[in-house]
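These notes concern the structure reproduced below.
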Amino acid sequence: MRARRAATALRVVRRVAGLAAVAAAATTAVAALGVAATLRLADLPAAQAGSTVDVELVLAVDISYSMDPDEQALQREGYVAALTSPEFLSALRQGMHGRIAVTYVEWAGAADQRVLVPWRIVDGAASAETFAAAIAEAPYRRAYRTSISGALQFSAELFASSGERGIRRVIDVSGDGANNQGPLVDQTRDEVVAKGITINGLPLVLKRPSAATLDLEALDVYYEDCVIGGPSAFVVPIRDRSQFKEATRTKLVLEVAGATPPARPVPVSATTPRVEPRVSCTIGERMWQQRWGRGSDFN
Numbered sequence: 002m003r004a005r006r007a008a009t010a011l012r013v014v015r016r017v018a019g020l021a022a023v024a025a026a027a028t029t030a031v032a033a034l035g036v037a038a039t040l041r042l043a044d045l046p047a048a049q050a051g052s053t054v055d056v057e058l059v060l061a062v063d064i065s066y067s068m069d070p071d072e073q074a075l076q077r078e079g080y081v082a083a084l085t086s087p088e089f090l091s092a093l094r095q096g097m098h099g100r101i102a103v104t105y106v107e108w109a110g111a112a113d114q115r116v117l118v119p120w121r122i123v124d125g126a127a128s129a130e131t132f133a134a135a136i137a138e139a140p141y142r143r144a145y146r147t148s149i150s151g152a153l154q155f156s157a158e159l160f161a162s163s164g165e166r167g168i169r170r171v172i173d174v175s176g177d178g179a180n181n182q183g184p185l186v187d188q189t190r191d192e193v194v195a196k197g198i199t200i201n202g203l204p205l206v207l208k209r210p211s212a213a214t215l216d217l218e219a220l221d222v223y224y225e226d227c228v229i230g231g232p233s234a235f236v237v238p239i240r241d242r243s244q245f246k247e248a249t250r251t252k253l254v255l256e257v258a259g260a261t262p263p264a265r266p267v268p269v270s271a272t273t274p275r276v277e278p279r280v281s282c283t284i285g286e287r288m289w290q291q292r293w294g295r296g297s298d299f300n
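Under our numbering, the first residue of the sequence shown is numbered 2, with each subsequent residue one higher.
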């Protein structure tokens, strides 16, 4: 069963790794899979005997003003398509329980996080389509600032209300910018990981760096070093708009299958030795202050 789960995830990874943009990101988790063509299944906690779902999954998506309307639409469409894809449903069926608990959250500033779709059980095509439809039908909104740390804190607290006990607990955070408000993101990451939660990243690396827009060229590296963490954590960057659906599907398949790349460039878990980040984890705050100064309410 584990071999089938790994094979299912690997087939999707190979398709994404075959895209030119992802192949260029050889240091990322997906590119590593494309080269190594191997997967290591995540270690399961000893308490799996009492579990009721394979994973409790929070999908936390950025809706800050740096996300233009087209990006927002593509981001949402990516999750809708991924949740109803044959690859996702196959990975779901092959889990120990064949069911997951999932919720969809939108976030922006430190005090702006909302549950768009509450916790639901997805255990097959019908429930997956119902969950995806709830995402697709919700109205769009945008908000000020970017607080990944606020999103992580909010998401971590949601597990207490899932009503289920997962073999794994995962926060899937996507966004197009660095943390510029709220607690420091790396410290928050460590606090969340210490609770036994894995944080995976889907950074949108679509724009040219600009001081005016606070875009960060090495956003995928920032996510690797400052945002993700926990057992088997990984990053799947999106470098081209055409990648949204493929990359999102890959990420969800890996999360449901409990699979991960064989290695990550830098260990980021609070339980592993500290490695100096390649990108400052306070770069977002510094960029904000340089542009607007302290106390500004503009994004």
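Every residue gets a Cβ at the ideal spot worked out from N, C-alpha and C, and that includes glycine.
Would you kindly check if the distance between the Cβ of residue j and the Cβ of residue i is under 8 Å?
i: L117; j: A139; result: yes
i: L203; j: A248; result: yes
i: D177; j: D63; result: yes
i: V237; j: K252; result: yes
i: S150; j: T104; result: no
i: A301; j: W108; result: No information on residue 301 is available, as it lies outside the stretch 2 to 300 that the chain covers here.
i: Y145; j: G110; result: yes
i: L90; j: A135; result: no
i: L84; j: A133; result: yes
i: R169; j: G259; result: yes
i: E256; j: V171; result: yes
i: A82; j: R250; result: yes
What whole-angstrom Cβ distance do residue i and residue j have, given they're in contact under 8 Å?
i: G167; j: E72; result: That belief does not hold up - the Cβ atoms of G167 and E72 are roughly 30 Å apart, past 8 Å.
i: V106; j: V59; result: 6 Å
Helix, strand or coil: which one does DSSP assign to residue i?
i: P204; result: strand
i: P274; result: Residue placement at P274 cannot be trusted, given a pLDDT of 47 that sits under 50; what the coordinates show is reported in the next sentence. In this structure, P274 counts as coil in the three-state DSSP scheme.
i: L185; result: coil
i: P119; result: strand
i: E165; result: coil
i: G230; result: strand
i: T283; result: coil
i: D71; result: helix
i: A61; result: strand
i: V56; result: strand
i: V236; result: strand
i: Y223; result: helix
i: D124; result: coil
i: G110; result: coil
i: D191; result: helix
i: T251; result: helix
i: I149; result: helix
i: S156; result: helix
i: T104; result: strand
i: R143; result: coil
i: I136; result: helix
i: S243; result: helix
i: S175; result: strand
i: T199; result: strand
Please name the residue in the options whose C-alpha comes closest to that of residue i.
i: I122; options: E158, S162, Y141 and T147; result: S162
i: V254; options: M68, Q76 and L93; result: L93
i: G230; options: A195, L90 and C282; result: A195
i: M288; options: R250, Q182 and K246; result: Q182
i: Q76; options: S243, V257 and G285; result: S243
i: G164; options: A102, R146 and V206; result: A102
i: Y224; options: R250, T283 and I198; result: T283
i: F245; options: R279, A219, F132 and V206; result: V206
i: F160; options: D124, G197, A133 and E130; result: G197
i: Y66; options: D124, V81 and T147; result: T147
i: P87; options: A127, A74, R142 and D187; result: A127
i: D69; options: A82, G99 and R142; result: R142
i: D173; options: T199, E192 and V186; result: T199
i: F235; options: S175, P184 and T131; result: S175
i: S281; options: D241, Y80, N201 and L185; result: L185
i: N201; options: S233, D191 and D241; result: S233
i: A112; options: R100, G285 and F155; result: F155
i: G99; options: W120, Y80, P119 and G125; result: G125
i: P278; options: A219, S52 and P119; result: A219
Check whether the Cβ of residue i sits closer than 7 Å to any heavy atom of the ligand ZN, and report yes or no.
i: K196; result: Ligands in the displayed structure: none, and consequently the ligand ZN is not present.
Under 8 Å between C-beta atoms, does residue i make it to chain D?
i: Q76; result: Judged by its chain identifiers, the structure shown contains no chain D, having just a single protein chain.
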